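S.K.:
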Amino acid sequence: MSQFHFSIRTPAKGVRGLGSAKSGTEHFWRQRVTAVAMVPLALAFVAIVICASTRDYESARALIANPFVAILLLLFVVTGAVHGKLGVQIVIEDYIHHEGLKVAAVIANILFTVVVAVAAVFAVLKISFGV
Amino acid sequence: MAEAKSPARPAERPLSPHLQIYSLTWTMAMSVIHRATGIALYAGTLLLAYWLVSLAAGPAAYAIAQDVFGSVIGRVVLFGYTWALLHHMAGGIRHFVWDLGYGFDYKSRMGLARGTLIASGILTIVIWVIGLSVG
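In order, the protein sequences belong to chains A and W. When the letters of the first sequence are read in order and numbered with this note's numbering, they come out as residues 64 to 194. When the letters of the second sequence are read in order and numbered with this note's numbering, they come out as residues 2 to 136.
Written out as structure tokens, the structure is:
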């Protein structure tokens, strides 16, 4: 470190949200928070799918329309979309070294997750509100 | 630093060793599989969206979706998806253990690596036994 480093700010100040990249540990932290949430949500999702698999069209709709089921599904879809977007972005940044391709892939990743999540959320809401 | 001359041609320094250099270990395999299952789950969200949208669209669309998911290929894909989900979950829990600062010694990390595979395999089979017996 430089001898002119007289600031009373500790290095922790730099990584808490606003490091040199102005995003600090945000990506890592979001990845972990969504991961924690995904454990119970994924187990709930598996249970919901098993329940739905035994039902015909009308009763499957009734299951998804149940507020508890719908809320769990919505949380699963949104949390999973954010978690997946973060994870795949890391993979893209690790393996795609051409700058243009990398930026294109990062954008495609965002668009893909938004489209899939919006479609799934809309479907659950449509079923829930019975329209 | 200031005295370092930049050579006309960069020296042929060795690249850092990568997958093809090391022999396969449990922890390496689980690391690769964690990424692979993550990418598979990401792609598989299309199936989830398709299932929900077809249910929202109406009985005719849902009947097609039921045929797709109920077919042999559909069931194999769903079985694989179940395992990918549970293995990625088990791998995630392994990462939580590491995040908390535990499990870095040889015995622990080998146990965690084998444990994730065993846990995900058993859980997948249990879930499918339940799923097929209630269906």
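Yeah, the Cβ is synthetic: ideal placement off N, Cα and C, and Gly gets one too. If you're wondering where the values come from, they're calculated on a predicted model, not measured in any experiment.
When the distance is taken between beta carbons, is W:Y103 closer than 8 angstroms to W:G45?
M.R.: In this structure, W:G45 keeps its C-beta atom at 8 angstroms or more from the C-beta atom of W:Y103.
S.K.: If the criterion is Cβ atoms closer than 8 angstroms, does the pair A:H161 and A:Q94 meet it?
M.R.: no
S.K.: Please name the residue in A:I159, A:M101, A:G150 whose C-alpha comes closest to that of A:L135.
M.R.: A:M101
S.K.: Indicate whether A:T176 and A:A144 have their beta-carbon atoms separated by less than 8 angstroms.
M.R.: yes
S.K.: Check for me: the alpha helix (DSSP H) holding A:E89 runs from which residue to which?
M.R.: 89-116
S.K.: If contact means a Cβ-Cβ distance below 7 angstroms, which residues of the stretch 60-76 of chain W contact chain A?
M.R.: Within the stretch 60-76 of chain W, the qualifying residues are P60, Y63.
S.K.: Sort W:H96, W:A114, W:A91, W:I126 by Cα distance to W:M31 and report the nearest one.
M.R.: W:A114
S.K.: Check for me: the alpha helix (DSSP H) holding W:H88 runs from which residue to which?
M.R.: Boundaries of the alpha helix (DSSP H) around W:H88: 73-100.
S.K.: Less than 8 angstroms between the beta carbons of A:L137 and A:V184, yes or no?
M.R.: yes
S.K.: Report the three-state DSSP secondary structure of W:P60 (helix, strand or coil).
M.R.: Three-state DSSP puts W:P60 in a helix.
S.K.: What are the residues of the stretch 131-147 of chain A that lie near chain W, defined by any Cβ-Cβ distance shorter than 8 angstroms?
M.R.: L136, V140, G143, A144, G147
S.K.: Strictly below 8 angstroms CB to CB, what residues from chain W border A:A123?
M.R.: L56, Y63
S.K.: Any C-beta of chain A within less than 9 angstroms: which residues of the stretch 78-101 of chain W qualify?
M.R.: L79, T83, L86, L87, H89, M90, G93, I94, H96, F97, D100
S.K.: Would you mind telling me which residues of chain A sit closer than 7 angstroms to W:G39, beta carbon to beta carbon, in chain order?
M.R.: G150
S.K.: Residues of chain W with a CB under 7 angstroms from the CB of A:K189: which are they?
M.R.: For A:K189, the C-beta contacts it makes with chain W under 7 angstroms involve A57, in order along the chain.
S.K.: Report yes or no: do three or more beta-carbon pairs, one from the stretch 104-112 of chain W and one from the stretch 59-70 of chain W, lie closer than 8 angstroms?
M.R.: no
S.K.: Looking at the structure shown, is A:M64 part of a helix, part of a strand, or coil, going by DSSP?
M.R.: Below a pLDDT of 50, predicted positions are generally treated as unreliable, and A:M64, at 47, falls in that range; the measurement from the model is reported next regardless. If DSSP states are grouped into helix, strand and coil, A:M64 belongs with coil.
S.K.: Provide the residue span of the alpha helix (DSSP H) that contains A:H146, from first to last.
M.R.: 130-158
S.K.: With burial defined as no fewer than 16 other Cβ atoms inside 10 Å of the residue's Cβ, what is the status of W:W52: buried or exposed?
M.R.: buried
S.K.: On a Cα-Cα basis, can you pick out the residue from W:L49, W:V54, W:I65, W:D100 that is closest to W:L79?
M.R.: W:L49
S.K.: In the DSSP assignment, find the alpha helix (DSSP H) that holds A:I71 and state where it starts and stops.
M.R.: Here A:I71 belongs to no alpha helix (DSSP H), and DSSP marks it neither H nor E.
S.K.: Have a look at A:T142 and A:K148 and give me their C-alpha separation to the nearest angstrom.
M.R.: 10 angstroms
S.K.: Quick check on W:G45: does DSSP put it in helix, strand or coil?
M.R.: helix
S.K.: Under three-state DSSP, which class holds W:Q67?
M.R.: helix
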